[in-house]
Every structure is written in C-alpha cells, then in structure tokens.
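K.L.:
Input: one structure, supplied below.
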Amino acid sequence: MKKLLYLFLALTVISCSKDDDNEPQSFFEKYDGVVWEEEEDYEDYINRIQFNNGTSVSVNYYGVEGDYVDCGVDLLESSGELIEVNENSFVLFIEYFEGDTDYSYTVTVTAIDGGSKLTVVDSDIPNEPDVFNRTSLNQPCD
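Just so you know, we're using this note's numbering here: the sequence shown kicks off at 1 and counts up by one.
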C-alpha cells in the first residue's frame, strides 16, 4: 500500500509540473545568428541578412560588392519598428524622410521550406518577393 501511495504522489507531481518545452520559439529565437544570402544572382554584388536575438533584437542588412563590404545596417535601429513577430515570420514597419517627403512601408520576412529559405516582401511591391538562402556563414561579412 505504501508503494502505491508513492507511485500516486510521483504521478501527481509529474502531471502537475509545467512543461515549457512545448512553447514555440519566436522567429528571432529560432533563427538567432543565421546568415541568409539573396538568391538573385547579381554580377559582383551580394546581399545578406542576419537576425540577432541578444539583449535587443536586431535585423542587420549587409552588402558585399567586389572587395568592398558594407558590414551592416541595423534596420530596427536606423528606421524600423517590429509590429508583429511569430514563430516563422515577422513584420517590420520602415519609415524615413527624404527632403520634405515621408516614406513608409512594411516588410514581411518569412522562413519557408523548413527554414532553408527566407522570403522578404516589400508592401510597395508585394508580387516581387526577394528570396534568401540560409548559409553556413557565422559572419555575414566573410
């Protein structure tokens, strides 16, 4: 009888414990540090994106042209604001001023094909998504 009581207590503790492992990760947790390279083949120009989930989230855009490397602009810091974040996508609102004109648009970034590809859709040209492939790079400026 004593063993039955211990078994019952053990099952009660196990069934009442909280299981946090089933909570889905956000996009930035899931793809933290991953470097993506644009699929479009430009002659001497490569676009790369990297997302970081450190003390603050960053969306970094990089350009490599021949020997010149633009080692990143954090779109959140410079002109963007996250307006939605899910497990496999996020929406970024971008606003900037040029002269007296205020420009704004949204960019929807979605991981597809099990996270091997990324689509980037600009609200101004929604029928022309940019496609990026996941790379094995650790540093986007390599």
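Heads up, the beta-carbon is just placed ideally off N, CA and C, and yes, glycines get one too.
Quantities reported herein were computed from a predicted structural model and do not represent experimental measurements.
Among the residues of its own chain, which have a CB less than 8 Å from the CB of F28, if the five just before and after it don't count?
P.N.:
Counted from its first residue, the sequence shown places residue 28 at position 28. The residues are F51, N52, N53, V57, V85 and F90.
K.L.:
Mapping the DSSP letters down to three states, classify C115 as helix, strand or coil.
P.N.:
For the purposes of this step, residue 115 is taken as residue 115 along the sequence shown, with counting starting at 1. Note that residue 115 is Gly in the sequence shown, not Cys. Helix, per DSSP.
K.L.:
Under the three-state reduction of DSSP, which class applies to L144: helix, strand or coil?
P.N.:
In the structure as shown, the chain starts at 1 and stops at 142, and residue 144 therefore has no counterpart that could be examined.
K.L.:
How many whole angstroms separate the CB atoms of N88 and T110, which I take to be in contact at a CB cut-off of 8 Å?
P.N.:
Position 88 of the sequence shown, counted from the first residue, corresponds to residue 88. Position 110 of the sequence shown, counted from the first residue, corresponds to residue 110. The pair is a contact, with the Cβ atoms about 6 Å apart (cut-off 8 Å).
K.L.:
In three-state DSSP terms, what is F132?
P.N.:
For the purposes of this step, residue 132 is identified with residue 132 of the sequence shown, where counting begins at 1. It is a strand residue.
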